[in-house]
Amino acid sequence: GRGYLGEMCCLASFPEEECTECSNDRTPWMVSNDETCETSPGTIETKCRDDDWWVNKNYCQQTCFDAGRGYDGINCCTNNGIFV
Numbered sequence: 018g019r020g021y022l023g024e025m026c027c028l029a030s031f032p033e034e035e036c037t038e039c040s041n042d043r044t045p046w047m048v049s050n051d052e053t054c055e056t057s058p059g060t061i062e063t064k065c066r067d068d069d070w071w072v073n074k075n076y077c078q079q080t081c082f083d084a085g086r087g088y089d090g091i092n093c094c095t096n097n098g099i100f101v
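Going by the working numbering, the first residue of the sequence shown is number 18, and it counts up by one from there.
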């Protein structure tokens with residue numbers, strides 16, 4: 018753009034978007050079958066924001082978000098607490 022010669026600009030000058038520390042709570046089925054949100058990609062593809070029961074319970078919040086299937090209005094933080 019129109020910066021000064023020899024100056025490097027960065028995005029750090031913009032405020033960070035608010036994020037939520039998301040959980041990865043498992044469904045009762047996952048618990049009883051020793052599964053985790055991370056080891057159930059097929060379930061993540063078909064549930065998350067497409068299943069009313071999951072939406073009401075916010076199951077696998079972080080994994081759903083990381084898979085691009087997060088719940089409406091919830092922006093999960095990354096491990097360092099910053100929304101990406």
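Beta carbons: idealized from backbone N, C-alpha and C, even for Gly. These figures come from a predicted structure and were not determined experimentally.
Taking its Cβ as the centre, do 16 or more other Cβ atoms sit within 10 Å of residue i, making it buried, or is it exposed?
{"i": "residue 90", "result": "exposed"}
{"i": "residue 71", "result": "buried"}
{"i": "residue 57", "result": "buried"}
{"i": "residue 64", "result": "buried"}
{"i": "residue 87", "result": "buried"}
{"i": "residue 53", "result": "exposed"}
{"i": "residue 85", "result": "exposed"}
{"i": "residue 60", "result": "buried"}
{"i": "residue 44", "result": "buried"}
Determine the DSSP secondary structure at residue i, reduced to helix, strand or coil.
{"i": "residue 81", "result": "helix"}
{"i": "residue 94", "result": "strand"}
{"i": "residue 44", "result": "coil"}
{"i": "residue 60", "result": "helix"}
For residue i, I'd like the list of residues in its chain whose CB is within less than 8 angstroms of its CB, leaving aside the five on either flank, ordered along the chain.
{"i": "residue 66", "result": "72, 81, 86, 87, 88, 89"}
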